[in-house]
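Using numbering that gives the first Met the number 0, the letters of the sequence shown map in sequence onto residues 0 to 243. The structure under discussion appears below in the form of structure tokens.
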Amino acid sequence: MAERSKELQVLQQVSLIECMVEEEKVMGNKWASFSLNDIEYSNSFTGGSQVTKEDKALVKSGWWNDYRNISNHCDWDSVRCDEAESVTYIGLSNILPFTIPPMQELQNLNVTVFPNLQFLDLNGMGLRRSIPTKIGTLTKLTHLDLSHNSLQGKLPLKALSNLTQLLRLDFSGNSLSGFIPLSLGELKNLVYLNLDSNLFTGIIPLDVGNLTNLTQLHLKQFSLWFNTSYIRSTQEFERSLFRV
0 MAERSKELQV
10 LQQVSLIECM
20 VEEEKVMGNK
30 WASFSLNDIE
40 YSNSFTGGSQ
50 VTKEDKALVK
60 SGWWNDYRNI
70 SNHCDWDSVR
80 CDEAESVTYI
90 GLSNILPFTI
100 PPMQELQNLN
110 VTVFPNLQFL
120 DLNGMGLRRS
130 IPTKIGTLTK
140 LTHLDLSHNS
150 LQGKLPLKAL
160 SNLTQLLRLD
170 FSGNSLSGFI
180 PLSLGELKNL
190 VYLNLDSNLF
200 TGIIPLDVGN
210 LTNLTQLHLK
220 QFSLWFNTSY
230 IRSTQEFERS
240 LFRV
């Protein structure tokens with residue numbers, strides 16, 4: 000009887016240990032899929048993986064440091080989302096000056112994780128260096144404003160040609176140089192195009208004449224030549240074209 004009692008005690012201890020191990024596994028999986036520190040969300044949630052990528056990209060940019068206590072990035076200033084909480088709008092130019100730090104490089108915002116972004120306005124945000132080619136991944140963009148920064152270098156040719164949904168494009172007030180790319184002529188939905196106050200040279204490509212929906216075209220304060228008769232639009236628009 001004593002031996003039988005000892006066997007039962009051993010079995011009970013083994014059973015208890017097994018339960019503890021299983022509990023540790025469950026807790027381990029739980030915390031592996033959800034970590035508040037890293038803002039990780041379980042892939043079991045619908046669209047959770049995409050929402051996580053967008054959330055982390057916004058945080059990493061450094062522009063929304065004061066909003067980390069608000070868990071849903073769709074509630075942050077200058078950010079709007081669709082019903083699936085995917086970002087469709089980033090418009091920082093409406094923020095009061097000096098309330099957010101300058102990013103200096105557009106590369107600090109990983110634009111590749113915003114497949115549904117339609118509106119991007121970073122006017123006057125202190126951006127420097129060049130426009131990254133990854134901007135071409137934002138194929139749903141209808142509004143792109145990078146004006147009044149310190150951007151340099153040439154316009155990314157292939158990247159721009161991918162943005163066929165654009166209605167408004169504003170790169171004015173930078174230090175962009177080189178030729179205006181032929182790919183601009185592929186953006187046939189453009190209504191507004193502003194490249195004022197840059198360092199472009201040469202001849203404005205005839206392909207700009209394909210932009211038949213233009214109502215405003217701004218290409219002043221740099222050395223360019225263009226014959227306005229190439230614009231075949233039947234609509235009236237502002238021709239601010241002259242050589243300086």
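The beta carbon of each residue, even a glycine, is placed where N, CA and C say it ideally should be.
Could you give the distance in angstroms between the alpha-carbon of residue i and the alpha-carbon of residue j?
i, j, result
"residue 198", "residue 68", "43 Å"
"residue 147", "residue 130", "13 Å"
"residue 116", "residue 139", "6 Å"
"residue 58", "residue 208", "41 Å"
"residue 169", "residue 191", "8 Å"
"residue 219", "residue 124", "22 Å"
"residue 167", "residue 80", "20 Å"
"residue 159", "residue 205", "17 Å"
"residue 187", "residue 114", "21 Å"
"residue 163", "residue 211", "14 Å"
"residue 165", "residue 48", "27 Å"
"residue 217", "residue 82", "36 Å"
Can you find the residues in the same chain that come closer than 6 Å, C-beta to C-beta, to residue i, ignoring five residues on each side of it along the sequence?
i, result
"residue 120", "90, 92 and 144"
"residue 107", "60"
"residue 282", "Nothing in the structure corresponds to residue 282, since the chain is present only between 0 and 243."
"residue 50", "84"
"residue 22", "Residue confidence is low: residue 22 scores 48 on pLDDT, short of 50, so the model does not pin down where it sits. Its coordinate-derived value is still stated next. Cβ neighbours of residue 22 beyond the five flanking positions: none."
"residue 142", "118 and 167"
"residue 66", "75"
"residue 109", "56"
Based on the DSSP output, what are the partners of residue i in its beta bridges?
i, result
"residue 120", "90 and 144"
"residue 149", "127"
"residue 80", "86"
"residue 193", "169 and 217"
"residue 174", "151"
Would you decide whether residue i is buried or exposed? Buried here means 16 or more other CB atoms lie within 10 Å of its CB.
i, result
"residue 179", "buried"
"residue 193", "buried"
"residue 70", "exposed"
"residue 171", "buried"
"residue 26", "Confidence at residue 26 is low in this model, with a pLDDT of 44, below 50, so its placement is unreliable and no value can be given for it."
On a Cα-Cα basis, can you pick out the residue from the options that is closest to residue i?
i, options, result
"residue 196", "155, 174 and 70", "174"
"residue 154", "128, 88 and 48", "128"
"residue 86", "52, 156 and 66", "52"
"residue 176", "159, 152, 183 and 185", "152"
"residue 126", "165, 210, 150 and 142", "150"
"residue 181", "215, 217 and 156", "156"
Kindly list the residues whose CB is nearer than 7 Å to the CB of residue i, restricted to its own chain and excluding five residues on each side of it in sequence; keep chain order.
i, result
"residue 161", "135 and 138"
"residue 63", "57 and 75"
"residue 122", "92, 144, 146 and 147"
"residue 184", "204, 206, 207, 209 and 210"
Return the chain-ordered list of same chain residues with a C-beta closer than 8 Å to the C-beta of residue i, the five sequence neighbours on each side being excluded.
i, result
"residue 78", "57, 63, 72, 86, 88 and 89"
"residue 28", "Low confidence applies to residue 28: its pLDDT is 42, below 50, so where it sits in the model is not reliable, and the reading given next is rough at best. None."
Would you verify that the beta carbon of residue i is, or is not, closer than 7 Å to some beta carbon of chain D?
i, result
"residue 122", "Judged by its chain identifiers, the structure shown contains no chain D, having just a single protein chain."
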